[in-house]
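Using UniProt numbering, read the sequence shown as starting at 1 and increasing by one per residue. Backbone N, C-alpha and C fix where the C-beta goes; we use that ideal spot for every residue, glycine too. Here's the structure we're looking at; comments come further down.
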Amino acid sequence: MTDQFNSILSNRVFIVQNELTTFSSSIGHEVDKLKSLITDPILEIRTKFSSSRVEKNLLNFILVSNHLDPVHLDQDDGRYLFDARSISMTGAKKEIIEVSLTDIDRFYIQYFRQLKVGWLCDEAQRYCPDSIKPGNFRLQIHKNCETIKQHRTKKSIRLYKIKEDKIAELEQYVEDDDNQVIINEINEEHYNT
1 MTDQFNSILS NRVFIVQNEL TTFSSSIGHE VDKLKSLITD PILEIRTKFS SSRVEKNLLN
61 FILVSNHLDP VHLDQDDGRY LFDARSISMT GAKKEIIEVS LTDIDRFYIQ YFRQLKVGWL
121 CDEAQRYCPD SIKPGNFRLQ IHKNCETIKQ HRTKKSIRLY KIKEDKIAEL EQYVEDDDNQ
181 VIINEINEEH YNT
(Lines of atoms letter the chains of each structure in order from A and count residues from 1; the text may use other names and numbers.)
(Lines give C-alpha, C1' and ligand atoms only; values in the text may rest on other atoms or scores of the structure.)
Protein backbone atom coordinates (compact mmCIF):
# COMPACT_ATOMS: atom_id res chain seq x y z
CA MET A 1 0.00 0.00 0.00
CA THR A 2 2.90 2.34 0.69
CA ASP A 3 5.13 0.71 -1.94
CA GLN A 4 6.34 2.37 -5.13
CA PHE A 5 3.33 1.07 -7.09
CA ASN A 6 -0.02 1.74 -5.46
CA SER A 7 -2.68 0.98 -8.07
CA ILE A 8 -4.50 -1.02 -5.40
CA LEU A 9 -5.63 2.32 -3.94
CA SER A 10 -7.31 3.47 -7.15
CA ASN A 11 -11.06 4.09 -6.78
CA ARG A 12 -11.10 2.69 -3.25
CA VAL A 13 -13.25 4.16 -0.52
CA PHE A 14 -12.62 1.74 2.33
CA ILE A 15 -9.48 -0.24 3.22
CA VAL A 16 -8.93 -2.62 6.12
CA GLN A 17 -5.26 -2.97 7.03
CA ASN A 18 -4.89 -6.13 9.10
CA GLU A 19 -1.96 -7.25 11.27
CA LEU A 20 0.06 -4.05 11.31
CA THR A 21 3.58 -4.42 12.67
CA THR A 22 4.73 -2.35 15.59
CA PHE A 23 5.45 1.31 15.02
CA SER A 24 8.90 1.01 16.60
CA SER A 25 9.91 -1.59 13.99
CA SER A 26 8.42 0.39 11.08
CA ILE A 27 10.54 2.58 8.88
CA GLY A 28 9.84 6.25 9.58
CA HIS A 29 8.94 7.21 6.02
CA GLU A 30 6.39 4.35 5.82
CA VAL A 31 4.48 5.93 8.69
CA ASP A 32 4.58 9.32 6.96
CA LYS A 33 3.21 7.74 3.76
CA LEU A 34 0.28 6.33 5.70
CA LYS A 35 -0.40 9.75 7.22
CA SER A 36 -0.50 11.32 3.75
CA LEU A 37 -2.88 8.61 2.50
CA ILE A 38 -5.24 9.53 5.32
CA THR A 39 -5.11 13.33 5.01
CA ASP A 40 -4.10 14.36 1.48
CA PRO A 41 -7.04 15.46 -0.71
CA ILE A 42 -5.53 13.85 -3.83
CA LEU A 43 -3.56 10.67 -4.52
CA GLU A 44 -0.90 10.00 -7.09
CA ILE A 45 -1.65 6.52 -8.45
CA ARG A 46 1.44 4.80 -9.84
CA THR A 47 1.03 1.62 -11.89
CA LYS A 48 3.73 -0.58 -13.30
CA PHE A 49 4.66 0.06 -16.96
CA SER A 50 2.39 3.10 -17.31
CA SER A 51 2.39 6.75 -16.36
CA SER A 52 1.05 7.93 -13.04
CA ARG A 53 -2.26 9.72 -12.65
CA VAL A 54 -3.94 11.84 -9.99
CA GLU A 55 -7.23 10.90 -8.30
CA LYS A 56 -9.37 12.35 -5.57
CA ASN A 57 -8.57 10.70 -2.23
CA LEU A 58 -11.70 8.95 -0.92
CA LEU A 59 -9.82 6.51 1.31
CA ASN A 60 -11.00 5.53 4.79
CA PHE A 61 -9.01 3.05 6.83
CA ILE A 62 -9.51 0.53 9.58
CA LEU A 63 -6.16 -0.44 11.06
CA VAL A 64 -6.18 -3.73 12.97
CA SER A 65 -3.35 -5.07 15.12
CA ASN A 66 -2.58 -7.04 18.26
CA HIS A 67 0.57 -4.96 18.83
CA LEU A 68 0.59 -2.26 21.47
CA ASP A 69 1.95 0.40 19.12
CA PRO A 70 1.02 -0.31 15.47
CA VAL A 71 0.78 3.41 14.63
CA HIS A 72 2.32 6.41 16.37
CA LEU A 73 -0.57 8.42 17.82
CA ASP A 74 -0.17 11.90 19.22
CA GLN A 75 -2.76 13.13 21.72
CA ASP A 76 -3.85 15.95 19.41
CA ASP A 77 -3.78 13.95 16.15
CA GLY A 78 -7.23 14.08 14.57
CA ARG A 79 -6.51 11.54 11.84
CA TYR A 80 -7.26 8.55 14.03
CA LEU A 81 -10.10 7.33 16.19
CA PHE A 82 -9.10 4.70 18.71
CA ASP A 83 -11.87 2.65 20.27
CA ALA A 84 -10.50 0.66 23.18
CA ARG A 85 -13.11 -1.65 24.58
CA SER A 86 -13.48 -4.58 26.80
CA ILE A 87 -15.29 -7.37 25.01
CA SER A 88 -17.99 -8.90 27.19
CA MET A 89 -17.67 -12.51 28.26
CA THR A 90 -19.87 -14.55 25.93
CA GLY A 91 -20.27 -18.31 26.04
CA ALA A 92 -18.12 -18.72 22.93
CA LYS A 93 -15.37 -16.46 24.27
CA LYS A 94 -15.37 -18.31 27.59
CA GLU A 95 -15.14 -21.66 25.79
CA ILE A 96 -12.18 -20.52 23.68
CA ILE A 97 -10.38 -19.20 26.74
CA GLU A 98 -11.04 -22.38 28.72
CA VAL A 99 -9.64 -24.55 25.93
CA SER A 100 -6.44 -22.49 25.88
CA LEU A 101 -5.86 -22.52 29.67
CA THR A 102 -2.67 -24.06 31.01
CA ASP A 103 -2.73 -26.59 33.85
CA ILE A 104 -1.61 -23.98 36.37
CA ASP A 105 -4.40 -21.64 35.17
CA ARG A 106 -6.93 -24.44 35.72
CA PHE A 107 -5.48 -24.91 39.20
CA TYR A 108 -6.00 -21.20 40.00
CA ILE A 109 -9.60 -21.40 38.85
CA GLN A 110 -10.42 -24.71 40.53
CA TYR A 111 -8.99 -23.61 43.88
CA PHE A 112 -9.72 -19.89 43.50
CA ARG A 113 -11.61 -19.50 46.75
CA GLN A 114 -8.89 -21.17 48.81
CA LEU A 115 -6.19 -19.09 47.13
CA LYS A 116 -8.20 -15.89 47.54
CA VAL A 117 -8.25 -16.14 51.35
CA GLY A 118 -4.81 -17.73 51.60
CA TRP A 119 -4.09 -21.45 51.30
CA LEU A 120 -1.38 -23.31 53.17
CA CYS A 121 1.49 -23.90 50.74
CA ASP A 122 1.92 -27.55 51.74
CA GLU A 123 -1.82 -28.15 51.34
CA ALA A 124 -1.91 -26.46 47.92
CA GLN A 125 1.06 -28.49 46.71
CA ARG A 126 -0.82 -31.70 47.50
CA TYR A 127 -3.41 -30.65 44.91
CA CYS A 128 -0.78 -29.80 42.31
CA PRO A 129 -1.80 -31.22 38.89
CA ASP A 130 0.06 -34.42 37.98
CA SER A 131 1.28 -32.80 34.77
CA ILE A 132 3.31 -30.21 36.73
CA LYS A 133 6.43 -31.24 38.63
CA PRO A 134 6.48 -29.96 42.23
CA GLY A 135 9.51 -27.72 41.58
CA ASN A 136 7.84 -26.19 38.53
CA PHE A 137 4.60 -25.79 40.46
CA ARG A 138 6.33 -23.62 43.06
CA LEU A 139 7.74 -21.44 40.26
CA GLN A 140 4.52 -21.24 38.22
CA ILE A 141 2.17 -20.47 41.08
CA HIS A 142 3.94 -17.14 41.66
CA LYS A 143 2.60 -15.88 38.33
CA ASN A 144 -0.71 -15.04 40.04
CA CYS A 145 -0.04 -15.74 43.72
CA GLU A 146 2.24 -14.40 46.39
CA THR A 147 3.66 -16.31 49.35
CA ILE A 148 2.64 -14.84 52.69
CA LYS A 149 4.39 -15.80 55.92
CA GLN A 150 2.34 -15.66 59.10
CA HIS A 151 3.13 -16.52 62.70
CA ARG A 152 0.42 -18.31 64.63
CA THR A 153 0.80 -19.81 68.09
CA LYS A 154 4.61 -19.82 67.96
CA LYS A 155 4.50 -21.47 64.57
CA SER A 156 5.44 -19.95 61.22
CA ILE A 157 3.19 -20.85 58.30
CA ARG A 158 3.35 -19.99 54.61
CA LEU A 159 0.25 -19.30 52.51
CA TYR A 160 -0.31 -18.89 48.78
CA LYS A 161 -2.64 -15.97 48.18
CA ILE A 162 -3.85 -14.60 44.85
CA LYS A 163 -2.36 -11.21 44.04
CA GLU A 164 -4.91 -8.41 44.40
CA ASP A 165 -4.54 -7.30 40.78
CA LYS A 166 -5.27 -10.85 39.54
CA ILE A 167 -8.49 -11.47 41.50
CA ALA A 168 -10.90 -9.87 39.00
CA GLU A 169 -9.16 -11.56 36.07
CA LEU A 170 -9.54 -15.04 37.59
CA GLU A 171 -12.92 -14.46 39.23
CA GLN A 172 -14.71 -14.35 35.88
CA TYR A 173 -13.97 -18.07 35.35
CA VAL A 174 -15.13 -19.23 38.77
CA GLU A 175 -18.65 -20.59 38.94
CA ASP A 176 -20.70 -20.37 42.13
CA ASP A 177 -21.02 -23.67 43.94
CA ASP A 178 -22.60 -24.29 47.35
CA ASN A 179 -20.10 -27.06 48.09
CA GLN A 180 -17.26 -24.63 47.54
CA VAL A 181 -18.67 -22.31 50.23
CA ILE A 182 -18.55 -25.17 52.73
CA ILE A 183 -14.97 -26.02 51.70
CA ASN A 184 -13.96 -22.38 52.15
CA GLU A 185 -15.47 -22.27 55.64
CA ILE A 186 -13.58 -25.42 56.61
CA ASN A 187 -10.35 -24.01 55.17
CA GLU A 188 -10.78 -20.69 56.99
CA GLU A 189 -11.40 -22.50 60.29
CA HIS A 190 -8.38 -24.74 59.65
CA TYR A 191 -6.06 -21.78 58.93
CA ASN A 192 -7.30 -19.69 61.84
CA THR A 193 -6.54 -22.35 64.46
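Inclusion of I109 and Y173 in the CB contact set at 8 Å is warranted, their separation being smaller than that value. Note on geometry: alpha-carbon atoms of S131 and D103 lie some 7 Å from one another. With contacts defined by Cβ atoms closer than 8 Å, S7 and T39 do not form a contacting pair.
Relative to the Cα of R106, the nearest Cα in the group D165, F137, S51 and H151 belongs to F137. As DSSP reads the structure, N60 sits in a beta bridge with F14. Counting only runs of 4 or more residues that sit fully inside the stretch 117-187, the alpha helix (DSSP H) segments are 121-126, 134-140 and 167-171, in chain order. Within the DSSP bridge table, the entry for V54 names E44 as partners.
The stretch 133-150 and the stretch 108-124 touch, with no fewer than 3 CB-CB distances between them shorter than 8 Å. Put simply, of Q75, R158, P70 and I162 the residue whose alpha carbon is nearest the alpha carbon of L34 is P70. Pairing P134 with Q140, the inter-Cα distance amounts to about 10 Å.
One Cα belongs to K166, the other to C121, and the distance between them is close to 18 Å. Taking C-beta separations shorter than 8 Å and ignoring five residues to either side along the sequence, the partners of V54 in its chain run I42, L43, E44 and I45, following chain order. The C-alpha of T90 lies about 15 Å from the C-alpha of E169. I87 and V16 have their C-alpha atoms some 20 Å from each other. F5 sits away from N60, with the two beta carbons spaced by 8 Å or more.
Buried is the label assigned to A124, since at least 16 other Cβ atoms lie within 10 Å of its Cβ.
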